[in-house]
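Asker: For the sequence shown, the working numbering begins at 754 and goes up steadily by one.
All residues carry an ideal CB built from backbone N, CA and C; glycine is no exception.
Take this structure first; my questions come after.
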Amino acid sequence: MSRVIAVANQKGGVGKTTTNINLSACLAQKGRNVLTIDCDPQGNTTSGFGLDKNSIEKTVYNVLLGEASLSDVLLETAVPGLMVAPANINLAGAEIELIERENREFLLREALKTERERRDFILIDCPPSLSMLTVNALCAADSVLVPIQCEYFALEGLSQLMHTLSLVQKKLNPELKIEGIVFTMYDARTNLSMQVVEEVKNHVGQEIYRSIIPRNVRLSEAPSHGMPITLYDDKSKGAESYRLLAEAVLNGK
């Protein structure tokens, strides 16, 4: 039975998709059978693996509407052992179309049942909002991995997310837990990055990964080439940081 991890934060620009792509790739490169699901209508996880999101006929949108099974939409990536369930702008329409659907919060969880038997890990890239797509991801997941950008408003966004997760745990998915918090875009040259890390550690009683993702040029360039960082520049600091994060996830700490 696979571990299903939602990569989520209500704030945009915190490194969710970068973390989803690179953590998925690193887990697969460590010999695990991995599926990553793009639940963001922007489709950046899809394009980040070099896939043309605009030419894909069947996506997560079709799965949620019951027009296709999850296995029908899966595509291979350049990383052996890693498949992706793609998304594009069509997924934005799911919000409206699902309004009257019964048990609409659990559509993704139902769709995942067969794949859970086949995979070691399933990672879900969530949109930067508390939408029906995010709720579906949180209801389908066993745990939530929270990327936090090392910036001034990080703690404010984190408290909002923790409140959201608490509501989901109470009402929809009581088994949901926090996988961990990972700091992204860390710049060791600035006092602010160090202060944010210390502030979050002092205020949050959750697991915080020791692997901190640096602000790294090669990491920023990789998506435009349609590659995870370990394929684009295996020796970069970004690649090494995500390998360490994958080790931490595998070891449960």
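Decide if the region 902–913 is in contact with the region 869–877; the criterion is three or more beta carbon pairs, one per stretch, under 8 Å apart.
Answerer: Result no; under three Cβ-Cβ pairs closer than 8 Å.
Asker: State buried or exposed for Thr770, treating a residue as buried only when at least 16 other CB atoms are found within 10 Å of its CB.
Answerer: Under this definition Thr770 is a buried residue.
Asker: Less than 7 Å between the CB of Thr867 and some heavy atom of the ligand SAH, yes or no?
Answerer: With respect to the ligand SAH, the structure shown offers nothing to examine, as it has no ligands at all.
Asker: Alpha carbon to alpha carbon, how far is Ile931 from Met915? Give it in angstroms, no decimals.
Answerer: Distance between the alpha carbons of Met915 and Ile931 is about 9 Å.
Asker: Start and end of the beta strand (DSSP E) containing Ile932?
Answerer: First, the residue type needs correcting, since residue 932 is Glu and not Ile in the sequence shown. Glu932 -> beta strand (DSSP E) spans 930–937.
Asker: Please determine if the region 979–990 and the region 936–948 are in contact, where contact requires at least 3 C-beta pairs separated by less than 8 Å.
Answerer: As far as the Cβ criterion goes, the region 979–990 does not touch the region 936–948, which means the pair count is below three.
Asker: Report yes or no: do the region 829–845 and the region 915–928 share at least 3 C-beta pairs separated by less than 8 Å?
Answerer: They do not touch, by the three-pair rule.
Asker: My output table needs one value for Met836: the three-state DSSP class, helix, strand or coil.
Answerer: Looking at Met836 - three-state DSSP - the assignment turns out to be strand.
Asker: Check each candidate in Thr983, Asn1004, Leu1003 and name the one with the smallest Cα separation from Ser994.
Answerer: Closest option to Ser994, Cα to Cα, is Thr983.
Asker: Starting from Leu788 and walking both ways along the beta strand (DSSP E), at which residues does that stretch end?
Answerer: Per DSSP, Leu788 belongs to the beta strand (DSSP E) from 787–791.
Asker: CA-CA distance, Glu974 and Arg968?
Answerer: Cα to Cα, the separation comes out at about 12 Å.
Asker: Return the Cβ separation of Arg942 and Ala893 in integer angstroms, given the expectation that the two are a contact with Cβ distance under 8 Å.
Answerer: Actually they do not touch by this definition, with Cβ atoms about 39 Å apart.
Asker: State yes or no: is the C-beta of Cys792 within less than 8 Å of the C-beta of Arg996?
Answerer: No, Cβ-Cβ distance for Cys792 and Arg996 is not below 8 Å.
Asker: Under 8 Å between the Cβ atoms of Gly796 and Asn856?
Answerer: Not in contact: Gly796 and Asn856 (Cβ atoms no closer than 8 Å).
Asker: Is it buried or exposed for Val970, if we count other Cβ within 10 angstroms and need 16 for buried?
Answerer: Answer is exposed; the Cβ neighbour count stays below 16.
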